[in-house]
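In the numbering used here, the protein residues as written are 333 to 619. Using N, Cα and C, we set each Cβ at its ideal position, and we do this for glycine too.
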């Protein structure tokens with residue numbers, strides 16, 4: 333199996349991302365987010381390990397690149413805690429910096445600021461997930477991830493270093509984190525130009541974890557998902573009318589703040605005001 337592969341992990345018409353490639357230096361993730369979808373198809377996802385022969389294989393594959401965007405990462409985080417000692421992602425970025433490609437980092441980690449010296453010289457952008465600005469809720473949903481305030485500071489620091497940042501408010505759960513207006517205002521105040529939103533797509537394992545942690549709220553959601561909702565692939569989604577109303581309200585808030593907006597895998601791409609994943613922010617840099 334190649335390290336670098338085509339991006340379209342769900343192979344569905346719901347994905348509106350532009351053509352790009354994807355690459356994960358690590359298998360697994362240590363954020364332990366309750367809503368995580370990757371645990372449904374990657375065994376032992378909490379056990380993190382570097383990809384075998386990662387650097388050797390990447391050097392071999394990267395020389396064939398011809399201007400493509402490489403998305404890091406879509407099934408894990410490129411900055412697990414072990415990255416501070418391993419430095420694998422940083423070494424990968426050094427390899428990719430010498431090749432003909434563009435870089436999109438997708439992360440929840442504040443470790444990414446360590447690599448601002450590399451990213452500021454590349455055609456690169458960072459999509460940083462901030463699921464909520466409520467510290468209490470964030471600790472429940474994402475027990476091992478950096479706090480919302482740490483991530484907001486990370487976004488500020490990256491932008492000061494000349495690296496454009498988009499924010500993923502993702503996933504949205506009704507009654508839990510579906511009112512991000514204050515967060516959007518905060519993001520606009522620090523200069524964020526794009527947000528991407530997505531509603532929670534229920535899978536049996538993540539639903540069970542959420543029910544255990546937030547029983548009252550998830551009981552309220554049961555009918556919305558499993559009576560009124562819709563099955564798409566292996567996931568259960570909120571009713572499309574509900575999703576439209578929720579996401580349009582957030583879109584309108586973003587537009588008032590002078591920001592662009594995109595949805596992720598919602599069959600509502602008409603709500604997008606710019607390329608959904610925020611990659612339009614990527615600067616053109618000369619080597």
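Item                                                                                                                                                                                                        : Value
Find the nearest neighbour of residue 463 within the set 453, 483, 452, judged by alpha-carbon distance.                                                                                                    : 483
Would you check if the distance between the CB atom of residue 386 and the CB atom of residue 335 is smaller than 8 angstroms?                                                                              : yes
Between which two residues does the alpha helix (DSSP H) harbouring residue 490 extend?                                                                                                                     : 480 to 492
In chain order, what residues of the same chain have a beta carbon less than 6 angstroms from the beta carbon of residue 472, not counting five sequence neighbours either side?                            : 545
Would you tell me roughly how many angstroms separate the C-alpha atoms of residue 395 and residue 608, rounded to the nearest one?                                                                         : 28 angstroms
Just list the residues that DSSP pairs residue 355 with in beta bridges.                                                                                                                                    : Looking at the DSSP assignment, residue 355 forms no beta bridge with any residue, so it has no partner.
Within the same chain, show all residues whose beta-carbon is closer than 8 angstroms to that of residue 522, passing over the 5 residues directly before and after it, in chain order.                     : 484, 487, 488, 491
Measure the Cβ-Cβ separation of residue 428 and residue 382 and say whether it is below 8 angstroms.                                                                                                        : no
Compare the C-alpha of residue 601 against each of 613, 580, 616 and name the closest.                                                                                                                      : 580
Which one of 603, 402, 438, 398 has the shortest CA to CA distance from residue 411?                                                                                                                        : 438
Pop quiz: residue 364 and residue 455 are said to be a contact at Cβ under 8 angstroms. What is the actual Cβ separation, rounded to whole angstroms?                                                       : So it is not a contact: roughly 32 angstroms between Cβ atoms.
If the criterion is Cβ atoms closer than 8 angstroms, does the pair residue 527 and residue 593 meet it?                                                                                                    : yes
Using only alpha-carbon positions, find the residue among 498, 604, 418 that is nearest to residue 611.                                                                                                     : 498
If you scan the region 524 to 558 from start to end, which runs of the alpha helix (DSSP H) of 4 or more residues do you find wholly inside it?                                                             : 536 to 545, 547 to 558
Residue 620 to residue 535, Cα distance in whole Å?                                                                                                                                                         : Nothing can be reported for residue 620, as the shown portion of the chain is limited to 333 through 619.
Cutting at 8 angstroms between CB atoms, please list the residues of its own chain near residue 510, excluding the five before and the five after it.                                                       : 504, 578
Write down every uninterrupted run of the beta strand (DSSP E) in the region 418 to 451 whose length is 3 residues or greater and which is fully enclosed by it, in chain order.                            : 433 to 439
Among all the DSSP beta bridges, which residues are the ones paired with residue 497?                                                                                                                       : 458
Looking at chain B, is there any beta carbon in it that lies within less than 8 angstroms of the beta carbon of residue 385?                                                                                : Absent here is chain B; the protein component of the structure consists of one chain.
Once the 5 residues before and after residue 519 are set aside, which same chain residues still bring their CB inside 6 angstroms of it?                                                                    : 499
Starting from the C-beta of residue 512, find all residues in its chain whose C-beta is less than 6 angstroms away, skip the five residues before and the five after it, and write them out in chain order. : 501
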